[in-house]
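Residues in the sequence shown are numbered consecutively from 132, following this note's numbering. This report refers to the structure that appears directly beneath it.
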Amino acid sequence: MSSTLELWQTEWCPASHRVRQRLTELGLNYLAHQVPVESSDRAELEAATGERTIPVLVIGTETVTGEQSIMSYLDTHYPEPLDAVSQREKAAKARRKELEQACPKFTAATH
132 MSSTLELWQT
142 EWCPASHRVR
152 QRLTELGLNY
162 LAHQVPVESS
172 DRAELEAATG
182 ERTIPVLVIG
192 TETVTGEQSI
202 MSYLDTHYPE
212 PLDAVSQREK
222 AAKARRKELE
232 QACPKFTAAT
242 H
């Protein structure tokens, strides 16, 4: 598939994060559009996709809305590369490290 992938999302949204992670696992390049927090401020998103909720993935002329629909679309249209498992492991390690730094008093109790 050679269509440009565009992800309309925010950094704080857990669903957007999981979609970004899956795109990375699949080795796909995409253009990320940052969306305002307030849905009432999302005129650009609505003009481009017809939606006001995130995440939204645009693939050529197709628009896929919502985490589960996006994940299903990706799993159906893009084969998982051999290094996807390694990518997931690296992401999990980075999340653990981030949590340990954010909550040092809990780290001591778990080691």
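Ideal placement from N, C-alpha and C gives every residue a C-beta, glycine not left out.
Item: For T184, which of L136, G158 and C144 has the nearest alpha-carbon?; Value: C144
Item: Thinking just about the alpha-carbon of each residue, which of V168, K221, L136 and S134 is nearest to the one in E142?; Value: V168
Item: Let me know the secondary structure DSSP gives I185 once reduced to three states.; Value: coil
Item: Would E175 be called buried (16 or more neighbouring beta carbons within 10 Å of its own) or exposed?; Value: exposed
Item: What do you get for M132, buried or exposed, if any count of 16 or more other CB atoms within 10 angstroms of its CB means buried?; Value: In this predicted model, M132 has a pLDDT of only 48, less than 50, meaning its place in the structure is not dependable; the value taken from the coordinates is given anyway. Exposed, by the Cβ-count rule.
Item: Within the same chain, show all residues whose beta-carbon is closer than 7 Å to that of R153, passing over the 5 residues directly before and after it, in chain order.; Value: M202 and L205
Item: If you drop the 5 nearest sequence neighbours on each side, which residues of the same chain put their C-beta closer than 7 Å to that of S147?; Value: Q140, T141, I185 and P186
Item: Can you give the Cα-Cα distance for G197 and V189, rounded to whole angstroms?; Value: 12 Å
Item: Tell me the rounded alpha-carbon separation between N160 and E137.; Value: 9 Å
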